[in-house]
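S.K.:
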Amino acid sequence: MMALRELSSLEKSLGLKNPNKYCTQGDKKVPVLHSNNGPSLVGLVTIATHLVQEAKRPELLGGSAEHKALVQQWLEYRLTKVDGCHKDDIKTILKDLNSYLEDKVYLAGNQFTLADTLMYYGIHHIIVDLAIQEKEKHMNVTRWFDHVQHYTGVRHHLPPVVVLRNRVYTSGHH
Amino acid sequence: MKLFVSDGNPHCVKVLAVLEFTGVKCDVKHVNHEERVVPYLSRPALPALLLPSGTHLFSPNSICQYLIELNGQESSDIVNQWLEWEATELQPAVMHALHMVVLQGKGAETPRVLQGPLSYLDQSLSQRTTLFLTAEMVSVADVVLWAALYPILSDSSLVSGNQTLQLWFERVGMLAACVSAAQTVLQGKGLKAESLKTYLQRQPTTHHGQGQVQGRGTQPCNSPEGDDDDCVLSEEEIQSAAVTWGKGLTDLPMVPERQHPILPQEGKRNVLVTSALPYVNNVPHLGNIIGCVLSADVFARYGRLRGWNVLYVCGTDEYGTATENKAREEGLTAQQICDKYHAVHASIYQWFQVDFDFFGRTTTKKQTEIAQNIFWRLHERGFLLEDIVEQLRCEACQRFLADRFVEGTCPFCSYPEARGDQCDKCGKLINAVELREPTCKVCSQTPVVQSSKHLFLDLPKLEAELEQWLERSTGSGDWTANAKQITRSWVRDGLKPRCITRDLKWGTPVPHPDFSDKVFYVWFDAPIGYLSITANYTDQWEKWWKNPQQVELYNFMAKDNVPFHSVVFPCSLLGAQDNYTLVNHLVATEYLNYEDTKFSKSRGVGVFGDMAKDTGIPSDVWRFYLLYLRPEGQDSAFSWVDMATKNNSELLNNLGNFINRAGMFVSKFFESCVPAMALQQEDKRLLAQVGWELKQYINLMDRVKIRDALKCILNISRHGNQYIQVNEPWKKIKGDETDRQRSGTVTGVSVNVACLLSVMLQPYMPTVSHTIRQQLNAPPSVTGTLLQGTGNFVCSLPAGHHIGTVSPLFQKLESEQIESLKKRFGGQQPKTTAQPDVNAQPATTPASDPAAQTAVNGADAERARELTLAVAEQAEKVRTLKGQKAEKTVIGAEVTKLLELKKQLSLAEGKDPEPVLTKGKKNAQPATTPASDPAAQTAVNGADAERARELTLAVAEQVTWGGNKCNELGIRGETMEV
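Which chain is which? The protein sequence lines are A and B, in order. When we follow the UniProt record's numbering, the leftmost residue of the first sequence carries the number 1, and every step to the right adds one. When we follow the UniProt record's numbering, the leftmost residue of the second sequence carries the number 1, and every step to the right adds one.
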């Protein structure tokens, strides 16, 4: 049911007045959006992308071709790598994201996009379980995460995660 | 834009097909499967597209979408939906199936894996009226799905049914782009391609269920998550920490005020601390400061906090040739030089807050008295020998050369720049006459050997007694490992008589009538400075220095000083047989480097004591960082960037943040009044953790592990930060009564930890420590109480205690600030004011001086000999003029001539003039050039000798008129190396 809650949070943050009706299909509970004026849409990213367009916020899908591709890439990453990830994969995910985010504010660069929102939803359960030390080890992810959770209207159904502004541990002697 | 693909990788079929389909121009590079193209991913990911911005795309579908987008096609909901389905549903199934077929040969089982997605696709296609997935035209979705299915569907044996799907597959497969992509990647062989097998073999096996193509976490973890909880606390420890806490300050003794003169007291631990005496005309650099005075200061401060009866003495070592020489340079008497530089030293140490009980000097009457007394006692007891010494004398300079004024090749290890007394390379002591190819460091002439009668301390006669004493002292005291090791190697090599007299004037006179024109050799004399300085502090100095029963002596120094403190000086005192206090704890540091090079005054590299305060960085921060890197056990290096990092991470974010938060909570939430504390298990655990770190701190400090003990302080504030973070007192204060109480407890405990930290910090950062105590309005007795015994973390700020005004303790060091400091002290080319003028000079025609040209190319021996004489003559002239205190302009002109001659000489010798200029710095000559002007350098390299000469002259002139600055540079550069 997580995906449905995400979509409903996303609707709110996009300021969509009339909440859509969703159902799910298959074992994996893939969300389905039934709409009156066209075929149903299947899949979290597809629906989310559709909602963004409906809300007339195309900038959330990336401004240039390059940004659009980056947004799509990280949306896909969220679905294929983060969702249902094995415990052993968490380290890799955090490590990779951390090095990717080293010189970026958001996933697609300097602009906040849908990729940030969905990645935030998807990775929340991982971050929430991190020890302070692990958060510090993945400082860029933590910084990005804190950024996104404070981004206006994003954090709806999820509890905030406390992020220390200062480092408790330093890498040097641990 | 560049597309990276690998053969046999089915994902690459997609991107190549779409690339050709769109006709976008892009380099395609074939790489290995293992190649890590995407820098931010820890595993190889192919295909990958390097975007114009420098970012990489690693998702095949996103690469396809991007290429399509470049081609001007927008993707629609329906396309997105298929791509999402492909990535989440189809792809895992396909990879699973490929794995089974190609690697496991289980072709029969593939339908089970693929059935779901394939029927779904088949049905979707059947329901549509269009030729392709989304429209009548091929879209990116068709190509992507086709490519995903290509290896499987190209083998008809694997699929049956799904008619519509088959038709669609064939339709899309007819596209030229698809054909050629399949050919490129899988050689058109589909499943049977060898390259596909190779590819699959290298892929981690698929996860079942979710069916994701991912590793099973076989990736070795680079940083083992070692549990760095430094202590495991038992229940008893936690309870006992709570009991200690409850004791409060009341029944513990206070540290009495210091009253001078401090004298040993019965029943107290009487600790005499000395720091190696800094040589007077050498402005100390950071390495000197951390090596002795600062380290000793931290220990002395700590001892006072522990309630020991501590006396810390130090002073400037003032006798010797270098002083004489400097005096001549500055036209002052030796005594005036000493007065001047003694004040410089004193003010530097004062800025660094080095809290000496007495900072004296060696040029005093007491020094003469005590040194002569020791001398006579040694003489009477037959520990002195007379011998004729062959000594080096420089005829050009008209004097015997002190060891430090001779350089040559080491007789032991052939190091070419060995000093007259010791080799920097192998560390062996050298008799100056044993040096091979000796040169006078002042004039570079070869000195001659002359005989003179001298006195020797008969070390071999004292050896047995020394060894006995060493065994006792090193066995019971805290000698650093390097001190023990250096001493051991000295004694093992066997001791030889050591000369204690010198043919100099500026020194303690030898009282023996046969040696009336001689003074004591500095290493006989200087350590006696400890005694005479104490004697200048109090007439009752003997209570410290002739009282080994009551007094414990700590000597702090850098490792090069060890033999004199562990062998030579103890022998003098043992031989004098006057119940002298000998060193119990010899604490030697290794060397501190500067940004991985040596401190060098002459090259302008490094920070010197007098410059530290000009950086705008507070003295406490300097102390902190130097102590944080104290070369304890191994060399360490000062680095600006690291200094900023440590300041910002450790001081600002860790320590300062914790103390500030604790104080702010009290003042903001509890009206500056420490709230009541009802300890829960969690609080007690923190008390135990902090108590444990406090014990470590005391343990380490008692053994003079100054650097390690500092880590305990930082660990405590780390624990504190975590404690606050977990308990969130700022939130609980807004809650119900229980929450508010909890908030109070956490705040109260935290502010008490802050108070403890202020005491532990005192030896390291006295000002900050004092500021914290002021802010917390801490009772004066805390300083004495908390560090007694093995440490008592008591509640020193009880409920109801009012604190003062809390404010931040540290400031961030910005990277720009650090960069500019780094530049300023980096030793890159000291500014030459001459530079603009030089550049403004019209370029002279190249090769205008054929003579010089020849000289440059081939060494002209005859001319060189002539010039050598001329240089010597001119040098003498300059010296005479200076001696007569002639006018600056006159001297300047002569110096210019001298420089010109020297340059001609070096040209004649076929050398680049540059080394001569550098050498000039070591020279006692007034006019020396700081690193030569780059323009001049280029000119020389370009064989434009004439221009070079002009430029060098211009520089030289400027420097001459620059006045004393250069003087200082030259001299300090020389004394630095001692």
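C-beta: ideal position from N, C-alpha, C; glycine also.
1. Does the beta carbon of LEU61(A) come closer than 7 Å to any beta carbon on chain B?
2. Alpha carbons only, please: which of ASP116(A), ALA108(A), HIS150(A) and GLY153(A) is nearest the one belonging to GLY63(A)?
3. Does the beta-carbon distance from PHE608(B) to HIS285(B) come in below 7 Å?
4. Would THR406(B) pass as a contact of LEU429(B) if the rule is Cβ separation under 7 Å?
5. Which of the three DSSP states is assigned to CYS178(B) in this structure?
6. Determine, for LEU130(A), whether the minimum Cβ-Cβ distance to residues of chain B falls below 7 Å.
7. According to the neighbour-count rule (16 or more other Cβ atoms, all chains shown, within 10 Å of its Cβ), is ARG436(B) buried or exposed?
8. Anything in chain A within Cβ reach of TRP85(B), meaning under 8 Å, just list it in chain order.
9. With a threshold of 7 Å between beta carbons, is PRO224(B) in contact with chain A?
10. Starting from ILE388(B), follow its DSSP beta bridges and name the residues at the other end.
11. Taking contact to mean at least 3 C-beta pairs separated by less than 8 Å, is the segment 359 to 367 of chain B in contact with the segment 526 to 534 of chain B?
12. Please identify, using Cβ separations under 9 Å, the residues of the segment 156 to 190 of chain B that lie next to chain A, in order along the chain.
13. Among residues of its own chain, excluding the 5 on either side of GLN210(B), which ones have a beta-carbon nearer than 8 Å to its beta-carbon?
14. What's the call for LYS25(B), buried or exposed, on a 16-neighbour Cβ count within 10 Å?
15. Against chain B, does GLU66(A) count as a neighbour if the rule is that its beta carbon must be under 7 Å from one of theirs?
16. With 7 Å as the threshold, decide whether the Cβ of GLN73(A) is near any Cβ in chain B.
17. Could I get the ranges of all uninterrupted alpha helix (DSSP H) runs contained in the segment 685 to 750 of chain B, with 4 residues as the minimum, in chain order?
18. Report, in whole angstroms, the separation of the C-beta atoms of LEU103(B) and GLN187(B), which I expect to be a contact under 8 Å.
19. Could you check whether the Cβ of GLU69(B) sits closer than 7 Å to any Cβ belonging to chain A?
20. Please name the residue, chosen from SER489(B), GLU136(B), ILE716(B) and GLN81(B), that lies closest to LEU121(B) on a Cα-to-Cα basis.
21. By Cβ distance below 6 Å, which residues in the same chain neighbour ALA3(A) in space, the five residues on each side in sequence not counted?
22. Identify which residue in SER234(B), PRO10(B), VAL344(B) and LEU175(B) has its Cα closest to the Cα of GLN203(B).
23. Where do the ends of the beta strand (DSSP E) carrying ALA637(B) lie?
24. In three-state DSSP terms, what is PHE145(A)?
25. I need the DSSP call for THR645(B), collapsed to helix, strand or coil.
26. Find out if the Cβ-Cβ distance for the pair TYR22(A), LEU10(A) is shorter than 7 Å.
27. Is the beta carbon of ILE132(A) within less than 6 Å of some heavy atom of the ligand MG?
28. Does the segment 365 to 378 of chain B come into contact with the segment 333 to 344 of chain B, if we say contact requires no fewer than three beta-carbon pairs (one atom in each stretch) closer than 8 Å?
29. So which residues on chain B does SER99(A) lean against when the C-beta distance must stay under 9 Å?
30. With three or more beta-carbon pairs closer than 8 Å as the criterion, would you say the segment 157 to 173 of chain B touches the segment 53 to 68 of chain B?
31. Are there three or more Cβ pairs, one per stretch, closer than 8 Å when the segment 111 to 124 of chain A is compared with the segment 68 to 82 of chain A?
32. Give the secondary structure of ASP116(A) by DSSP, where H, G and I count as helix, E and B as strand, and everything else as coil.
33. Does DSSP put GLY303(B) in a helix, in a strand, or in coil?
34. Give me the chain B residues within the contact set of ASP146(A), using Cβ-Cβ distance strictly less than 9 Å, ordered along the chain.
35. Would you list the one or two residues that DSSP bridges to THR589(B)?
M.R.: Let me spell this out:
1. As a position in the first sequence, residue 61(A) is number 61, starting the count at 1. No, its Cβ sits nowhere closer than 7 Å to a Cβ of chain B.
2. As a working mapping, residue 63(A) is identified with position 63 in the first sequence. Ranking the options by Cα distance to GLY63(A), first place goes to ALA108(A).
3. To locate residue 608(B), count along the second sequence from 1; it is residue 608. To locate residue 285(B), count along the second sequence from 1; it is residue 285. Yes, they are a contact pair.
4. Within the second sequence, the letter at position 406 stands for residue 406(B). Within the second sequence, the letter at position 429 stands for residue 429(B). The displayed chain sequence assigns Val, not Thr, to residue 406(B). Not in contact: VAL406(B) and LEU429(B) (Cβ atoms no closer than 7 Å).
5. Here the question's residue 178(B) lines up with position 178 in the second sequence. Helix.
6. In the first sequence, the residue the question calls residue 130(A) occupies position 130. With 7 Å as the cut-off, LEU130(A) does not count as an interface residue toward chain B.
7. Position 436 of the second sequence, counted from the start, is the residue given in the question as residue 436(B). Exposed.
8. Counted from its first residue, the second sequence places residue 85(B) at position 85. Here the neighbours are VAL42 and GLY43.
9. As a first step, residue 224(B) is located in the second sequence; it is residue number 224 there, counting from the start. Note that PRO224(B) scores 32 on pLDDT, short of 50, meaning its location in the model is unreliable; the coordinates nonetheless yield the value given after this. No, PRO224(B) lies away from the interface with chain A (no Cβ there is under 7 Å from its Cβ).
10. As a position in the second sequence, residue 388(B) is number 388, starting the count at 1. Looking at the DSSP assignment, ILE388(B) forms a beta bridge with LYS453(B).
11. yes
12. none
13. Translated into the one-based positions of the second sequence, residue 210(B) becomes position 210. Confidence is the limiting factor: at GLN210(B) the pLDDT is only 37, short of 50, which leaves the residue's position unreliable and the question unanswerable from this model.
14. If you number the second sequence from 1, residue 25(B) lands on position 25. By the neighbour-count rule (16 or more Cβ atoms within 10 Å), LYS25(B) is not buried but exposed.
15. Residue mapping note: residue 66(A) aligns to position 66 of the first sequence, counting from 1. Judged by the 7 Å Cβ criterion, GLU66(A) is in contact with chain B.
16. Taking the first residue of the first sequence as position 1, residue 73(A) is located at position 73. So yes, GLN73(A) belongs to the interface.
17. 706 to 727 and 729 to 732
18. Residue mapping note: residue 103(B) aligns to position 103 of the second sequence, counting from 1. Residue mapping note: residue 187(B) aligns to position 187 of the second sequence, counting from 1. At roughly 18 Å, the Cβ-Cβ gap does not stay under 8 Å, so LEU103(B) and GLN187(B) are not in contact.
19. Here residue 69(B) is taken as the residue at index 69 of the second sequence, counted from 1. Yes, contact with chain A.
20. As a position in the second sequence, residue 121(B) is number 121, starting the count at 1. Comparing Cα-Cα distances from LEU121(B) to each of SER489(B), GLU136(B), ILE716(B) and GLN81(B), the minimum goes to GLN81(B).
21. On the first sequence, residue 3(A) is found 3 positions in, with the first residue counted as 1. Closer than 6 Å at Cβ, skipping near neighbours: PRO31 and LEU44.
22. Position 203 of the second sequence holds residue 203(B). Closest by alpha carbon: PRO10(B).
23. For this step, residue 637(B) is matched to residue 637 along the second sequence. Its beta strand (DSSP E) spans residues 636 to 638.
24. For the purposes of this step, residue 145(A) is taken as residue 145 along the first sequence, with counting starting at 1. Helix, per DSSP.
25. Taking the second sequence and counting its residues from 1, one reaches residue 645(B) at position 645. If DSSP states are grouped into helix, strand and coil, THR645(B) belongs with the helices.
26. Here residue 22(A) corresponds to residue number 22 of the first sequence, with the count starting at 1. Here residue 10(A) corresponds to residue number 10 of the first sequence, with the count starting at 1. Contact: no.
27. No copy of the ligand MG appears in this structure; indeed no ligand is present at all.
28. no
29. Translated into the one-based positions of the first sequence, residue 99(A) becomes position 99. Here the neighbours are PRO39, TYR40, LEU41 and SER42.
30. no
31. yes
32. Indexing the first sequence from 1 puts residue 116(A) at position 116. ASP116(A): helix per DSSP, three-state reduction.
33. Position 303 of the second sequence holds residue 303(B). In the structure shown, GLY303(B) sits in a helix (DSSP, three-state: H, G or I).
34. Within the first sequence, residue 146(A) is the residue found at index 146, counting from 1. Chain B residues near ASP146(A): none, gap ~14 Å exceeds 9 Å.
35. Here residue 589(B) refers to the residue found at position 589 when the second sequence is read from its first residue. ALA558(B).
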